[in-house]
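Asks: Got a structure here, written out as structure tokens. Questions coming.
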Amino acid sequence: MTNAIDRRQFARLMGLGGVAFASGLFAQTPGGRAWAATEAKEFYFVQLSDTHWGFQGPKVNPEPTHPLPMAIDAVNAMKPAPDFVVFTGDLTHTTDDAQERRRRMAEFKDQLKSLKIKEVRFLPGEHDASLDNGAAFKEFFGETHYTFDHKGVHFIALDNVSDPNASLGDAQLAWLQADLARLSKKQPIVVLTHRPLFDLYPQWDWATKDGAKAIDLLTPYEHVTVFYGHIHQINSHMTGNIAHYAAQSLIFPQPAPGSVPQRAPVPWDPSAPFKGLGWRSVEADPKKAAETFSDVPLKA
Amino acid sequence: MAALLAGCVAAEQASRKSPESNVQTVQMTAERFKYTPDEITVKKGVPVDLVLTTKDRVHGFYVPELGLRAEIKPGETEHVRFTPDKAGKFTMECDIFCGEGHESMDGTITVE
Numbered sequence: 000m001t002n003a004i005d006r007r008q009f010a011r012l013m014g015l016g017g018v019a020f021a022s023g024l025f026a027q028t029p030g031g032r033a034w035a036a037t038e039a040k041e042f043y044f045v046q047l048s049d050t051h052w053g054f055q056g057p058k059v060n061p062e063p064t065h066p067l068p069m070a071i072d073a074v075n076a077m078k079p080a081p082d083f084v085v086f087t088g089d090l091t092h093t094t095d096d097a098q099e100r101r102r103r104m105a106e107f108k109d110q111l112k113s114l115k116i117k118e119v120r121f122l123p124g125e126h127d128a129s130l131d132n133g134a135a136f137k138e139f140f141g142e143t144h145y146t147f148d149h150k151g152v153h154f155i156a157l158d159n160v161s162d163p164n165a166s167l168g169d170a171q172l173a174w175l176q177a178d179l180a181r182l183s184k185k186q187p188i189v190v191l192t193h194r195p196l197f198d199l200y201p202q203w204d205w206a207t208k209d210g211a212k213a214i215d216l217l218t219p220y221e222h223v224t225v226f227y228g229h230i231h232q233i234n235s236h237m238t239g240n241i242a243h244y245a246a247q248s249l250i251f252p253q254p255a256p257g258s259v260p261q262r263a264p265v266p267w268d269p270s271a272p273f274k275g276l277g278w279r280s281v282e283a284d285p286k287k288a289a290e291t292f293s294d295v296p297l298k299a
Numbered sequence: 000m001a002a003l004l005a006g007c008v009a010a011e012q013a014s015r016k017s018p019e020s021n022v023q024t025v026q027m028t029a030e031r032f033k034y035t036p037d038e039i040t041v042k043k044g045v046p047v048d049l050v051l052t053t054k055d056r057v058h059g060f061y062v063p064e065l066g067l068r069a070e071i072k073p074g075e076t077e078h079v080r081f082t083p084d085k086a087g088k089f090t091m092e093c094d095i096f097c098g099e100g101h102e103s104m105d106g107t108i109t110v111e
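Protein chains in written order, with numbering that gives the first Met the number 0: chain S, 0 to 299; chain C, 0 to 111.
Next comes the structure, spelled out in structure tokens:
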């Protein structure tokens, strides 16, 4: 993709296959500590997910090394540039071979050398981390759960994959509780994670076993949005006042939850290469009552 | 050990009834990336003892619609005991990530 994408184009993208949702996440909250004029500034970031570097499966994606550089080109063309990029897991496709796992992670990082945005955040997916409890991921990308603040928004990255049992675990939940305890209830919070925190479709492993505990901890906060991956398709869901949005993948789409007897990737469509793949741009403007994000289809 | 809440399963193929309790015993083996058998049928209202072992590594046995879950560890035998209380077809899956074929490690429990 060579055309620059500016914010006005987001609206047009909605009509071309992208999907946008209104979100109350960034609604103005007078009196909220985080919305002091010196802190809250307009910005946007990009979410990329489920690149599965190393995947081989010609019937599903005969060009598995193409989507990531295509997405990088698209992001590089955005004007103005996003403040940062986040990868929400399954950066690499799983392998039993620990050396091969590291080779794939190294190749993935090499791909990112062409990304102009230098602030990049990484989260693990189960393909990256579940077979070694996140050991290789930490070597290449750092901690698997962490927080950071950006222009008035508090970001929380949660790891629900390093435990192959798909749990956050008591220690991480305690860490989350301690982090939240210091925040105003009006603090805008973005949670980044790989699996859905709620029971989207547990029959297909589309859930986090103790995700409800994290949701309980987050529920008292007025402005919380969760962006995740894992299911390789756009999905939106509310738990109380918390919005949960799944992003498309950059390798192959998955069927809608429970829509077919067995979970399996959607076959490649030669007439529409890269159909169902895409990435997301999230825009935050505290001056507006609500914000939108755009799910942008990957264009061949 | 297995958690069991409610459930179902009458395996005609790999089951036998215990003479003293009328419990149907179903043997099931897990290995990457399949269960054997991967389709079992049980009768509603008939107690079931599902006996789970693994040939290679730890696997999960998870049937969320029936409230059944077990962790199958190498060298150990897990029993999931339950009495089916509703009819239907229910998906069982491995819920402990076990490798590249993990997503396809599933099966069906039919309650008649």
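Glycine included, each C-beta is placed from N, C-alpha and C at the ideal position.
1. Quick one: is glutamate 75 of chain C buried, meaning 16 or more other Cβ sit within 10 Å of its Cβ, or exposed?
2. Which whole-angstrom value is the C-beta distance of lysine 115 of chain S and alanine 70 of chain S, which I expect to be below 8 Å?
3. Quick check on aspartate 204 of chain S - is its C-beta less than 8 Å from some C-beta in chain C?
4. Determine the chain C residues that contact leucine 175 of chain S at a beta-carbon separation under 7 Å, and present them in chain order.
5. Would you mind stating whether lysine 40 of chain S and lysine 137 of chain S have Cβ atoms separated by less than 8 Å?
6. Kindly indicate which residue of S:Ile250, S:Ile233, S:Ala156 has the alpha-carbon position closest to the one of glutamine 55 of chain S.
7. In whole angstroms, what is the alpha-carbon distance linking isoleucine 230 of chain S and alanine 246 of chain S?
8. Which chain S residues sit within Cβ distance under 8 Å of glycine 98 of chain C?
9. If I'm right that tyrosine 227 of chain S touches threonine 87 of chain S with Cβ under 8 Å, what's the distance once you round it to whole angstroms?
10. Would you call the segment 29 to 36 of chain C and the segment 90 to 108 of chain C in contact, with 3 or more CB pairs under 8 Å?
11. With which residues is glutamine 26 of chain C paired in a DSSP beta bridge?
12. Is the segment 233 to 245 of chain S in contact with the segment 189 to 197 of chain S, if contact means three or more CB pairs nearer than 8 Å?
13. Who are the Cβ neighbours of histidine 58 of chain C in its own chain at under 7 Å, not counting the five residues just before and after it?
14. Would you mind sorting glutamate 62 of chain S into buried or exposed? The rule is 16 or more other CB atoms within 10 Å of its CB.
15. Closest Cβ-Cβ distance between glutamine 171 of chain S and chain C: below 8 Å?
16. Per DSSP, phenylalanine 42 of chain S forms a beta bridge with which residues?
17. Classify arginine 181 of chain S: buried if its beta carbon has 16 or more other beta carbons within 10 angstroms, exposed otherwise.
18. Between arginine 279 of chain S and serine 270 of chain S, how many whole angstroms is the CB-CB distance? I'm expecting something under 8 Å.
19. Would you call aspartate 109 of chain S buried or exposed, if buried means 16 or more other Cβ atoms sit within 10 Å of its Cβ?
20. DSSP puts isoleucine 155 of chain S in a beta bridge; with which residues?
21. Check asparagine 329 of chain S in the structure and name its three-state DSSP category.
22. Take proline 83 of chain C as the anchor and find which of C:Gln26, C:Gly66, C:Glu77 has the nearest alpha-carbon.
23. From what residue to what residue does the alpha helix (DSSP H) around leucine 175 of chain S run?
24. To which residues of the same chain is arginine 56 of chain C closer than 8 Å at the C-beta, ignoring the five residues directly before and after it?
25. Using the Cα positions of valine 295 of chain S and asparagine 132 of chain S, report the straight-line distance between them to the nearest angstrom.
26. Between threonine 109 of chain C and chain S, is the shortest Cβ-Cβ distance under 8 Å, so that the two count as touching?
27. Select from S:Val84, S:Met77, S:Lys78, S:Phe42 the residue whose C-alpha is nearest the C-alpha of serine 48 of chain S.
28. Expressed to the nearest angstrom, what Euclidean distance is found between the alpha-carbon atoms of tyrosine 200 of chain S and glutamate 102 of chain C?
29. Using the Cα positions of glutamate 111 of chain C and aspartate 37 of chain C, report the straight-line distance between them to the nearest angstrom.
30. Use the C-beta contact count for lysine 212 of chain S: other C-beta atoms within 10 angstroms, 16 or more gives buried, fewer gives exposed.
31. I'd like the list of long-range same chain contacts for alanine 299 of chain S, defined as Cβ closer than 6 Å, with 5 residues on each side in sequence excluded.
32. Helix or strand or just coil, what does DSSP make of serine 113 of chain S?
33. Is the CB of isoleucine 39 of chain C under 8 Å away from at least one CB in chain S?
34. Quick check: is the beta carbon of aspartate 94 of chain C nearer than 8 Å to any beta carbon in chain S?
35. With a 10 Å radius around its C-beta and 16 neighbouring C-beta atoms as the bar for buried, classify asparagine 60 of chain S as buried or exposed.
36. I need the DSSP call for serine 248 of chain S, collapsed to helix, strand or coil.
Replies: For this structure:
1. exposed
2. Contact flag wrong, Cβ pair sits at about 13 Å.
3. For aspartate 204 of chain S, at least one C-beta of chain C is nearer than 8 Å to its own C-beta.
4. Correct list: empty, because the minimum Cβ distance to chain C is about 22 Å.
5. no
6. S:Ile250
7. 8 Å
8. Thr93, Asp95, Leu130
9. Yes, tyrosine 227 of chain S and threonine 87 of chain S are in contact; Cβ-Cβ is about 6 Å, under 8 Å.
10. yes
11. C:Val50
12. yes
13. Ala29, Ile71, Cys93, Ile95, Cys97
14. exposed
15. no
16. S:Ala283
17. exposed
18. That belief does not hold up - the Cβ atoms of arginine 279 of chain S and serine 270 of chain S are roughly 25 Å apart, past 8 Å.
19. exposed
20. S:Thr146, S:Val190
21. With chain S covering 0 to 299 only, the question about residue 329 of chain S has no answer from this structure.
22. C:Gly66
23. Leucine 175 of chain S: member of the alpha helix (DSSP H) spanning 169 to 180, first to last residue.
24. Arg31, Pro73, Cys97
25. 32 Å
26. no
27. Checking every option, the nearest Cα to that of serine 48 of chain S belongs to S:Val84.
28. Taking C-alpha positions only, tyrosine 200 of chain S is separated from glutamate 102 of chain C by approximately 13 Å.
29. 17 Å
30. The residue in question, lysine 212 of chain S, is buried, as its Cβ has 16 or more Cβ neighbours within 10 Å.
31. Pro272, Phe273
32. helix
33. So, not an interface residue.
34. Interface flag for aspartate 94 of chain C against chain S is set, since a Cβ pair is found closer than 8 Å.
35. buried
36. coil
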